[in-house]
Structures are given as C-alpha cells and as structure tokens.
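Input: a single structure, listed below in structure tokens.
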Amino acid sequence: MKRFSFSDSSGKLLYPTEEKNTENLGYSNEFQAMLDGLEDEDGIEESGCGTGKKRRLRVDQVQALEKIFEVDNKLDPDRKVKIAQEIGLQPRQIAIWFQNRRARWKTKQLERDYNILKSNYEALQHNYTKVEHEKEGLITEVIINLPHFLI
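Here it is, written out as structure tokens:
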C-alpha cells in the first residue's frame, strides 16, 4: 500500500512513500498490527506542531521490550536504565512503553475474563434449561402415575 509523502518546511520527509514489509514472526494479531504500523527504520517523524520530535521505536527495540515484558511487566529503576542503554532509548521512553503495554495487556485480560465468564454463564444457562425440562418430565410422570397410588 502506498502512502502520500509530506515534508516539513526544511524539506525533511515526514512520511515514507512506501510501506515497509514486516514479517509475521508468530506474534499476536495486536502486536503484529503494531509492528506493521511502525514507520521507516530511523523511526523519527516530526510532530504536527513542530515543537519537538516524536520518536517511534524500531522493530528490534519493540521486540526486545516485548520479550522483557513477557518475563516481568514492571521494572525497577535500575533495570529500566540498563535496558534503555542496551537498546538505545531514554529511561523515560522505556517507562512510558511499559505503562502503555500494561494498559493494553489489562484491556486484553479483561476481554479474556469477560469471554470466560460469558461462556460459563451460557453453560450454566444451558444446564438450567436442561434441568427444568427434566423437572417437567418428572412432574408429568408423577401426575400420570398418581391415580394408581390412590386406588
């Protein structure tokens, strides 16, 4: 898919004209969509207001952060600084990325919990209906056999 390219007043390209092809390496659809949305490899684009630069993470940085998140979704300050140095980011960027990732994880977890509860509710509802039918059958059987006991 082609994108329009725009440049700022200095002629710097803001959006690439071709989309980068990222491979699906077995990630969840949510994570793969996030990877697909990443911009060019240098990862820098001007913000619309021109007051600063918004840095987008490279694919390898995101992959490293994802692996770390799988092990531990909260970081102590020393570990955050160490990770930032290892992958070439600021500690504040690491903190924000983890905060955003925890929020996405919580949303997905709530979705999973809801689906489990919904499934359990539907199973209980089905069992209740089944028991109600059995009860009606037993009542009918008792009513049919009742005259035999009265004689």
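Under UniProt numbering, read the sequence shown as residues 1 to 151, first letter to last. Idealized CB from N, CA, C, for every residue including glycine. Because the structure is a prediction, the values reported are computed rather than measured.
- R55 and K130 have their C-alpha atoms spaced approximately 58 angstroms apart.
- If you look at R55, you'll find it in the beta strand (DSSP E) that goes K53 to R55.
- Counting only the Cα atoms, I144 lies some 55 angstroms from T107.
- Counting only runs of 3+ residues, the beta strand (DSSP E) found wholly inside the UniProt DNA-binding region "Homeobox" (50-109) occupies 53-55, in chain order.
- When Cβ pairs closer than 8 angstroms are counted between the two stretches, the stretch 108-126 is seen not to touch the stretch 76-88, the count staying below three.
- Within the same chain, no Cβ atom closer than 8 angstroms to the Cβ of I139 is found once the five residues on either side in sequence are excluded.
- Taking 8 angstroms as the cut-off, the beta carbon of I87 is found closer than this to the beta carbon of Q61.
- Taking a 10 Å sphere around the C-beta of I116, we find fewer than 16 other C-beta atoms and assign the residue as exposed.
- With fewer than 16 neighbouring CB atoms inside 10 Å of its own CB, L146 falls in the exposed class.
- Nearest neighbour of Q93 by Cα position, chosen from L65, K135, R104 and S119, turns out to be L65.
- Restricting attention to V59, Q63, K118 and N73, the CA atom closest to the CA of A103 is found in N73.
- W105 counts as exposed, since fewer than 16 other beta carbons sit within 10 angstroms of its beta carbon.
- A direct Cα-Cα distance of roughly 24 angstroms separates E134 from K118.
- If you draw a straight line from the Cα of N120 to the Cα of E136, it comes to about 24 angstroms.
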